[in-house]
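So the structure is just underneath, and the comments pick up after that.
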Amino acid sequence: MTNTKPGQARLKPDAETLQGEIGYRKILELDFSEMIPFVFSNIRKGGVIPLFYICINAGFLFFIILYIVWSVRMGPLSAGKIFWQIVAGVLAGSIAVIPPHELLHGLAYRILGARKIRFGADFQQFIFYVTADRFPISKRELAFLAMTPFVFMNLAIISLTAVWANHITLFSASLLLSHNIMCIGDFAIISYAFSQKGELFTYDDIEKKKSYFFERK
36 MTNTKPGQAR LKPDAETLQG EIGYRKILEL DFSEMIPFVF SNIRKGGVIP
86 LFYICINAGF LFFIILYIVW SVRMGPLSAG KIFWQIVAGV LAGSIAVIPP
136 HELLHGLAYR ILGARKIRFG ADFQQFIFYV TADRFPISKR ELAFLAMTPF
186 VFMNLAIISL TAVWANHITL FSASLLLSHN IMCIGDFAII SYAFSQKGEL
236 FTYDDIEKKK SYFFERK
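This note's numbering applies: residue 36 is where the sequence shown begins, and numbers increase by one.
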C-alpha cells in the first residue's frame with residue numbers, strides 16, 4: 036500500500052503495488068535480451084545525458100591524442116611505452132575493470148536498501164549487470180545507482196594518477212576512456228528515465244529476466 040496521511044511523504048511503492056494498483060501505469064517492459072537495442076536507441080535520441088556521454092569520451096580521446104603528440108615531441112615516453120600504455124589501458128578499462136564496476140553498482144543498491152542482489156552476465160551481448168529482485172527505485176535513485184561506478188572510477192583514477200603516478204597518465208586516460216565507453220548502458224537507462232516527465236519507478240524481475248518501468252498517474 037502507498038496511502039499516507041495528509042502532510043506525510045508518500046511511501047515508495049513495492050512491486051506488487053506497481054503491478055496491481057490503478058494509480059500506476061506500466062510504460063515499458065524490457066527483456067534483458069533486448070538491452071542492446073534499448074541502449075543504442077536511447078543514446079541516439081539526443082538530449083543532455085547522451086550529449087554529456089559523447090562529450091566526456093570525446094574529451095578523453097582528445098586528451099590522449101594531445102598527450103601522445105606532446106610525448107613524441109618532448110620525449111618523456113618512447114614509442115614503445117606509448118603503445119603499451121595504450122594497450123594496457125584499453126584492456127584494463129574493457130575487461131579488468133568489470134568486477135569493481137559491478138561491485139560498485141552492488142554497493143549502491145545496498146545503500147538504497149536492497150538485499151536480494153544478484154550479479155549476472157549475457158556473454159552473447161557482452162553485457163554485465165547487477166539486479167535487485169523486485170526492488171523498485173525512483174528516478175533519482177536510478178541515477179545514483181547508474182552513475183556510482185562512473186563517478187567513483189573517474190575521481191579515484193584521476194586523483195591517484197595526478198598525485199602518485201603521473202608517469203602512467205596515458206595508461207590511466209586509456210583505461211578511463213575504455214571504461215567510460217563501456218558505461219553506455221548506464222547513461223542510456225538514465226537518459227530514458229529522465230525523458231519521462233512524470234514520477235517514475237523501475238524494478239527488475241530476476242526470474243523473468245525483465246525490467247519494468249512505471250509512472251504514477
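Where is the CB? At the ideal position from N, CA and C, for every residue including glycine.
Alpha carbon to alpha carbon, how far is Ile271 from Phe222?
The chain is shown from 36 up to 252; residue 271 falls before or after that span and cannot be answered.
Assign His214 to buried or exposed, taking buried as 16 or more other Cβ atoms, counted over all protein chains shown, within 10 Å of its Cβ.
Buried is the call here.
Pick from Phe229, Met70, Ala208, Phe206: whose alpha carbon is nearest that of Gln159?
A check of alpha carbon separations from Gln159 across Phe229, Met70, Ala208, Phe206 identifies Met70 as the nearest.
At a cut of 8 Å, does the region 161-175 reach the region 195-209 through at least three beta carbon pairs?
The count of Cβ pairs closer than 8 Å, one atom from the region 161-175 and one from the region 195-209, stays below three, leaving the stretches out of contact.
Does Pro171 pass the burial test, meaning 16 or more other C-beta atoms within 10 Å, or should it be called exposed?
Sixteen is the threshold: when 16 or more other Cβ atoms of the shown chains lie within 10 Å of the Cβ of Pro171, as they do, the residue is buried.
My assumption, with CB atoms under 8 Å, is that Tyr59 sits in contact with Lys252. Please give the rounded CB distance.
Right, the Cβ-Cβ distance comes to about 7 Å (below 8 Å), so this counts as a contact.
Whole-angstrom distance between Ala131 and Ala123, CA atom to CA atom:
Cα-Cα distance, rounded: 10 Å.
Short check: CB of Leu210 to CB of Val125, under 9 Å?
With respect to Val125, Leu210 sits close: the two C-beta atoms are nearer than 9 Å.
Between Lys151, Tyr102, Leu177, Ser106, which lies nearest to Ala228 when the distance is taken from Cα to Cα?
Nearest option by C-alpha distance: Leu177.
The beta strand (DSSP E) enclosing Glu250, as first and last residue numbers:
Secondary structure note for Glu250: its beta strand (DSSP E) is the uninterrupted segment 245-251.
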